[in-house]
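*Asks:* Using our numbering, read the sequence shown as starting at 301 and increasing by one per residue.
Let me begin by handing over the structure; questions about it come next.
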Amino acid sequence: MIFISAEKVHFVLYLSIGLLSLPLLTECEKVRLMGTSRCSGRVEVHYSDSWGTVCDDHWTIANADVVCRESNCGTALEAKKGAFFGQGKDNIWLDDVQCTGHETSILKCSHKQFGDHNCGHGEDAGVICSEHVRLVNGSNRCNGRVEIYHDGHWKRSCSSDWGKEEADVVCQEISCGAPIVQTTALYFGEAPELPGIKTSCSGNETSVSQCTLQDFKETCVDATVYCTNSKPIRLVNGTNRCSGRVEIHHDGQWGTVCDDRWGIQEAAVACREMNCGNALSVKYRAFYGRGQGQVWLDDIECTGEEKSLGECPHRGFGEHDCDHNEDAGVECSETVRLINGTDRCSGRLEVFHNNQWGVICNNNWGQKEASLVCKELACGNPKNPHENLNFGESGLRAFRSTCSGNVSSISQCELQEYTGACNTVSLSCTGNPPLRLVNGTDRCSGRVEILHNGQWGTVCDDEWDIKDAQVVCRTMDCGTAQTAKSSAFFGQGQGDIWLDDVRCSGNETSLVHCQHPSFGENNCGHGEDAGVVCSATIRVINGTDQCSGRVEVYHEGHWSPAYNVNWGMHEAAVVCREMNCGDPVKVTRSFGQGSNLRGYKVSCTGRESSLTQCSLIPYERTGQIHVEEAAVQCSGNVKLTNGSNHCAGKVEFYDKGQWRTVCGESWDMSDATVVCRQLNCGKADKITTMVEYGHGTGQTWIDQIECNGMQSTLTQCPQRSYTDKTCNITSVAGVVCAGSLEVRLANGKDDCSGRVEVRHGEVWQTVCDADWTLSKAEAVCQLLECGRAVNAPGGAHFGQGTGSVVEANDSCFDNVTSLQQCSLKGFRAATCGHERDAGAICAAQLRLVGGTAKCSGRVEVLYKGQWGTVCDDDWELSNADVVCRQLGCGHAVSAPASAHFGRGTGPIWLDNVGCTGQESALTHCSHPGFGENNCGHGEDAGVICLGALSKPQISLSPGSEVNWGDRVEITCSVETELSGGTFVLKTTQGFKLEKFSEHDSVTFPFPAVDFSHKGSYFCEYQKKLTSQVIYYPQGDPADLSVKVHLEKPIISLTSPHAMVIFTPDQISVNQGSSFSITCSIYSKYPGGVFHLMNSKMNTTEIKEAFGHHIFYLAYFEFPAIDFKHQGDYTCVYAVNISSMSFSSVPSKSIQVTVVGTSSSSVISGTVAGLVVLLLVLLIGFLVWRRRWRVSNTVVQFVNRFGGPIKQDLEDKGNGALSGMDHNAKVNESVGHSRSPEYKTMDDEFDGPVESVSEDLPGKVCYELEPLVLS
């Protein structure tokens, strides 16, 4: 046994305690405040054996709450940014800290990885906490149970002797105003574990620590307080306790909240203050009915972490520019909420049951229940169900849920109180996607991208405008939206296009709260990615447009107001320049006041490019001195100069501190439309591109401005540099807006029809129809550049006007010039009334472009001196019929859409055109107005008129004259814009074939023609539409001729003794000898006969031809020739086809002469001996060959040049021999020298060799006999 001394036991015990205490000591030193007191200062955290600061990005009062609680301090009073307590050193450990306010340590809040940041020490975060008092369990930081820090410990203040004086001191110390006297006792829970303390104050103290504090040993009832800044709220007129119009109590009465800037963050604060669940939706425009009395709050801007609406920045109580039609509302979840999560769609699940909140245990919890909660909170779908989530535990009552049937809320499930060990449900839903700006020049510009389903995607620029940009800029905590960029201005994105057709009102706090189709539903490409440019360091608030309002500057990491201390035109000039808003018009004070007490006093020379370059001196407002926030009104960045008024003239565009003219080379009506809209001058009437309004004194804008006509300001239009050229100095953009015209047509279908009204000065007058003629209407149409006048109705055809009436005298309405002069000098008053107001109907000129003829193509309209296209929205055959008739092209057969004839350029003059088909001009059909469209040139409309239909064409292959049995292909083709029709092939004899084709041609094959196929062919084409069939004109005919062509036969001789086949011109044969004549032919026509004709005897012998494929022959035997057989022999081939006889031309002739025989035995013996010798040699040769070679090979002939004859000729030769009962299967060719007589014979036939030589059989020698070997 081993004994350990007492000292060693004590040493081991102390050592163990020390080691166990190390983690506790380390934990205590994780956070510290470096400032003037223990509860205020720069926040620093300990990590990796060193202290570092926290960046103020996303730094809020909720973050400060956690730091104050972790530092054992009281209520969080302020969250400080911009190194308020001085800059730290060395590391910046934390960035993007986002607490819910309930965490036990700032290290448990959401944040980037330690050391991962994009900050400098000028952005160090700080906090100011109350050092001696805190309010616990209240609905916000300004009400609750009172706890006081005394003798190094927190103690609960007892209600004994607690009164107004004590409450005054507490409310003042935590910056919550004055206490409110409550008629009913407030209950904010109890803390029996804390010692009690009795507090006695006189009311003059600045801190409760200055009051008399005594330990209280008796039974302690906790003291409570409700300070005025608590601002209780209520929800009115909703469907339950957690929905309705938001009303706030102030100065003894209830009032509403204006919906300006009202968004989901503000709704979240209201829901929390109402002890409801998560904010589900925000409501605008008095959704829950109009309130009464005061509008207490306007332009309220919460972060979402405040405990009450009263804590959020706003104009000031009672400061607003609203009425009760703009009352804000909210819809909160009534029975379910997520607590302590990283966003509103994640956290610990709590349910409201029996008027109390409680947690749900994960017993019986599954994907079905999770989906139910996410859907109820409008948070999408649950994230990965296998993800292990833990958003903390709670001391609330626990419930176990059982859901069955078709329930829509977790509160509809059966909830049973559970007293056992409970693992609370933590849930994370997909939620509303966040936003980012990509590829911009700073944090506040770039391509807009949104996160959905875990993937970043872009936003399409359809309907994209400045209101959408305002929402993005607000979401990104940037300044004023300067422009909404389209057409992938910041480059094309990748992946999905999540949003399209976004329509924001401008008040929303997220793009997903704006109207839009479902995620991923779009008709765009990445060439249409939307972008924004927001001011990064300055913004104007509450103005009438983006160039006016109250001024705030982004300095040292946060937005602060500029105060109206020495604020003047120098400072305003810098603001207008930085905002790209032109020149300052005036310094105004009419845009309300914010709630910030701290801001900057600004002093500029007027030459700075940014307000941040001016002198910025921190300035704090006090209650004694009333100082307003600075405001400005700028001219805007577009103006028209040198015109008759501000609505006509040379376009000047302000950018980078300079006014510049705009190049006119690419200036079009869409650009002008935006300018007139921006200047509030009505519609654009026409453009000028020369120097009608002068050259200008400044520089010319170097980029092309490419508006689509839908933008609200010129800066929103895409800009593109000129390529390989500079702008011609004589080309200057100008515009005439409708507000500057001398005449207008009112109350008509469009700008080119209506009641005639003329302008003198700023006064518009109607024209009396006395002496009103078509020629005078023509002057009006010409001045408006609306084409020609087609009608001049009187009698107030377009309704009665107002104001004075003038005469239609010749001196004013003779031509355009006289009309303009009378507008300047004045018109003569008429005596008639408005029941005789004159009118005019003009018709714009049309043309068709890009078609195959003058009666088909893209429809273009001439308006205001410029050709433009027609959009295909609602484009139908009735519209096309009007176009065709107006152009003298007959009826329409088709109305192609989607830029069928190619994309046009320039303006799109018409859209949503609706014709009955009876109108005399396209512009007389209904349409929204010239230039009013929502289209691109990919939607240009076209027409195909009957006058433009062309005849189908026909072609024959291989030609119009073919042989019987040939393959013939007949092709029909047509020039048409209506691809996809039926071709019909016909003959004059009634033959007919049909074939449908998606192309502009089709081929009809005839594998083997005969005489029935000859004739005259022609093509037809027809196109079937929904309501009719279009028949094209009949095509021109083409004749097909079928004939039989027989080649010239071949004649040859065969000598059985010499085994020679040859074709001499003449030959002498011994009387009594045997030989044969072979007739052969290459022909595709089988079944014929050969005629062997002897010219001397005038006789003909006929034999049937035999053979295969295309080679046929016949043998004529002469066993013992006699003198009677002498003569000239020729061959003729004859054949019957389709009951018709056809004969070839005769072959060449062979003259046969018979001579007497010799009786010499020597000759006979010699011949016999030679034959025997040859037989012996042949047998010997074959025996030798059998040893080394295998039999059954093919005959190979040798031509007279020593090379092998081609295989096809071998086949033909073999075929010839087979008719003589020979089967040639010789193993190989044997080359022998040719005798002189054969050579002479060959020489006789030297010359060009045809593809198949006529005398070929005569040039082949069979020098061995027999020819059949086994």
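Glycine is no exception: its CB is placed at the ideal position from the N, C-alpha and C atoms.
Note that this is a predicted model, so its numbers are computed, not measured.
Please report the straight-line C-alpha distance between residue 1073 and residue 1212, rounded to a whole angstrom.
*Replies:* Position 773 of the sequence shown, counting from 1, holds the residue named residue 1073. Position 912 of the sequence shown, counting from 1, holds the residue named residue 1212. Going from the Cα of residue 1073 to the Cα of residue 1212 covers about 32 angstroms.
*Asks:* Identify whether residue 793 lies in helix, strand or coil by the three-state DSSP scheme.
*Replies:* Position 493 of the sequence shown, counted from the start, is the residue given in the question as residue 793. Looking at residue 793 - three-state DSSP - the assignment turns out to be coil, as it is neither helix nor strand.
*Asks:* Looking only at C-alpha atoms, which of 435, 800, 445 and 378 sits nearest to residue 427?
*Replies:* Here residue 427 is taken as the residue at index 127 of the sequence shown, counted from 1. Selected option, being the one with the closest Cα: 378.
*Asks:* If we call anything under 8 angstroms between Cβ atoms a contact, is residue 336 one with residue 421?
*Replies:* In the sequence shown, residue 336 corresponds to position 36, counting from 1. In the sequence shown, residue 421 corresponds to position 121, counting from 1. No, the Cβ-Cβ distance between residue 336 and residue 421 is not below 8 angstroms.
*Asks:* Under the rule that 16 or more other beta-carbon atoms within 10 Å means buried, what is residue 723, buried or exposed?
*Replies:* Taking the sequence shown and counting its residues from 1, one reaches residue 723 at position 423. So residue 723 ends up on the exposed side.
*Asks:* Should residue 681 be labelled buried (16 or more other beta-carbon atoms within 10 Å of its own) or exposed?
*Replies:* Residue 681 sits at position 381 when you count from the first residue of the sequence shown. With fewer than 16 other Cβ atoms within 10 Å, it is exposed.
*Asks:* From which residue to which residue does the beta strand (DSSP E) around residue 1436 run?
*Replies:* Mapped onto the sequence shown, residue 1436 falls at position 1136. Note, residue 1436: beta strand (DSSP E), 1427-1437.
*Asks:* Assess contact between the region 1027-1047 and the region 930-948, defined as three or more Cβ pairs (one per stretch) separated by less than 8 angstroms. Is contact present?
*Replies:* Yes, the region 1027-1047 is in contact with the region 930-948.
*Asks:* Of the residues 1419, 1387, 373 and 1102, which one's Cα is nearest the Cα of residue 1413?
*Replies:* Position 1113 of the sequence shown, counted from the first residue, corresponds to residue 1413. The residue with the shortest Cα to Cα distance from residue 1413 is 1387.
*Asks:* Determine the extent of the alpha helix (DSSP H) in which residue 1177 is found, giving its start and end residues.
*Replies:* Here the question's residue 1177 lines up with position 877 in the sequence shown. Element bounds for residue 1177: 1177-1186.
*Asks:* Taking all protein chains shown into account, decide if residue 455 is buried (16 or more other Cβ within 10 angstroms of its Cβ) or exposed.
*Replies:* Mapped onto the sequence shown, residue 455 falls at position 155. Buried: at least 16 other Cβ atoms inside 10 Å.
*Asks:* Quickly, what does DSSP pair residue 1086 with across the bridge? List them, please.
*Replies:* Start at 1 with the first residue of the sequence shown, and residue 1086 comes out as number 786. BP columns for residue 1086 are empty, so no partner.
*Asks:* Helix, strand or coil: how does DSSP classify residue 826 here?
*Replies:* The count along the sequence shown starts at 1 and reaches residue 826 at position 526. Of the three classes helix, strand and coil, the one that applies to residue 826 here is helix, per DSSP.
*Asks:* From residue 1116 to residue 1060, what distance separates their C-alpha atoms?
*Replies:* Counting from one through the sequence shown, the residue named residue 1116 turns up at place 816. Counting from one through the sequence shown, the residue named residue 1060 turns up at place 760. If you take the alpha carbons of residue 1116 and residue 1060, they lie about 15 angstroms apart.
*Asks:* Between the Cα of residue 1415 and the Cα atoms of 964, 1351 and 513, which residue gives the shortest distance?
*Replies:* As a position in the sequence shown, residue 1415 is number 1115, starting the count at 1. It is 1351.
*Asks:* Mind checking residue 940: buried by the 16 CB within 10 Å criterion, or exposed?
*Replies:* Locating residue 940 in the sequence shown gives position 640, counting from the first residue. By the 10 Å Cβ count, residue 940 comes out buried.
*Asks:* Measuring straight from C-alpha to C-alpha, what distance separates residue 1222 and residue 1215?
*Replies:* By one-based count along the sequence shown, residue 1222 stands at place 922. By one-based count along the sequence shown, residue 1215 stands at place 915. Roughly 8 angstroms between the two C-alpha positions.
*Asks:* What three-state label does DSSP hand residue 1158 in the structure shown?
*Replies:* Residue mapping note: residue 1158 aligns to position 858 of the sequence shown, counting from 1. Reduced to three states, the DSSP call for residue 1158 is strand.
*Asks:* I believe residue 433 touches residue 374 by the beta-carbon criterion, under 8 angstroms. Please report the beta-carbon distance rounded to the nearest angstrom.
*Replies:* What you label residue 433 is simply residue 133 of the sequence shown in a count that begins at 1. What you label residue 374 is simply residue 74 of the sequence shown in a count that begins at 1. At roughly 5 angstroms, the Cβ-Cβ gap stays under 8 angstroms, so residue 433 and residue 374 are in contact.
*Asks:* Identify every run of the alpha helix (DSSP H) within the region 1052-1117, keeping only runs that are complete inside it and at least 4 residues long; order them along the chain.
*Replies:* Taking only runs of at least 4 residues, the alpha helix (DSSP H) segments lying wholly in the region 1052-1117 are 1074-1083 and 1110-1113.
*Asks:* What ranges does the alpha helix (DSSP H) occupy inside the region 440-523, keeping only unbroken runs of at least 4 residues that lie completely in it?
*Replies:* Taking only runs of at least 4 residues, the alpha helix (DSSP H) segments lying wholly in the region 440-523 are 464-473.
*Asks:* So, using beta-carbon positions, are residue 1245 and residue 1182 closer together than 8 angstroms?
*Replies:* Counting from 1 along the sequence shown, the entry for residue 1245 is found at position 945. Counting from 1 along the sequence shown, the entry for residue 1182 is found at position 882. Not a contact, by the Cβ cut-off of 8 angstroms.
*Asks:* Hey, which unbroken runs of the beta strand (DSSP E) at 3 residues or more fall wholly within the region 1298-1343?
*Replies:* Within the region 1298-1343, the complete beta strand (DSSP E) runs of at least 3 residues are 1301-1306, 1315-1324, 1329-1331 and 1338-1343.
*Asks:* Under the three-state reduction of DSSP, which class applies to residue 696: helix, strand or coil?
*Replies:* Counting from one through the sequence shown, the residue named residue 696 turns up at place 396. Residue state, collapsed to three classes: coil.
*Asks:* So, are the CB atoms of residue 1107 and residue 1068 less than 8 angstroms apart?
*Replies:* Taking the sequence shown and counting its residues from 1, the one referred to as residue 1107 is at position 807. Taking the sequence shown and counting its residues from 1, the one referred to as residue 1068 is at position 768. It is a contact, given that the beta carbons lie within the stated cut-off.
*Asks:* Check whether the region 575-589 touches the region 609-621, taking contact to mean three or more Cβ pairs, one atom from each stretch, closer than 8 angstroms.
*Replies:* Verdict: no, contact absent.
*Asks:* What separation, rounded to the nearest whole angstrom, lies between the Cα atoms of residue 933 and residue 877?
*Replies:* On the sequence shown, position 633 is the one that residue 933 refers to. On the sequence shown, position 577 is the one that residue 877 refers to. When rounded, the distance between both Cα atoms is 12 angstroms.
*Asks:* Please go through the same chain and pick out, in chain order, the residues whose beta-carbon is closer than 7 angstroms to the beta-carbon of residue 1097, but skip the five residues on each side of it.
*Replies:* One-based indexing of the sequence shown puts residue 1097 at position 797. So the qualifying residues of the chain are 1139.
*Asks:* By the three-class DSSP mapping on this structure, what secondary structure does residue 1352 have?
*Replies:* Locating residue 1352 in the sequence shown gives position 1052, where the first residue counts as 1. Here residue 1352 sits in strand by DSSP.
*Asks:* Residue 1011: buried (16+ other C-beta within 10 angstroms of its C-beta) or exposed?
*Replies:* On the sequence shown, residue 1011 is found 711 positions in, with the first residue counted as 1. Classification of residue 1011: buried, given that the 10 Å Cβ count is 16 or more.
*Asks:* If the criterion is Cβ atoms closer than 8 angstroms, does the pair residue 599 and residue 841 meet it?
*Replies:* Within the sequence shown, numbered from 1, the residue matching residue 599 stands at position 299. Within the sequence shown, numbered from 1, the residue matching residue 841 stands at position 541. Cβ atoms of residue 599 and residue 841: closer than 8 angstroms.
*Asks:* Can you tell me whether DSSP reads residue 1218 as helix, strand or coil?
*Replies:* As a first step, residue 1218 is located in the sequence shown; it is residue number 918 there, counting from the start. Three-state result, residue 1218: coil.
*Asks:* Which residue wins for smallest C-alpha separation from residue 387, given the options 333, 458 and 1271?
*Replies:* Locating residue 387 in the sequence shown gives position 87, counting from the first residue. Here the closest residue by C-alpha is 333.
*Asks:* If you reduce the DSSP assignment to three classes, tell me which class residue 1417 lands in.
*Replies:* Position 1117 of the sequence shown, counted from the start, is the residue given in the question as residue 1417. The answer is strand: DSSP assigns residue 1417 an E or B state.
*Asks:* Measuring alpha carbon to alpha carbon, tell me which of 1270, 1300, 1274 and 1276 ends up nearest residue 1293.
*Replies:* As a working mapping, residue 1293 is identified with position 993 in the sequence shown. Here the closest residue by C-alpha is 1270.
*Asks:* Give every residue of the same chain whose Cβ lies closer than 6 angstroms to the Cβ of residue 779, excluding the five residues on either side of it in the sequence, and list them in chain order.
*Replies:* As a position in the sequence shown, residue 779 is number 479, starting the count at 1. Closer than 6 angstroms at Cβ, skipping near neighbours: 834, 835, 838 and 839.
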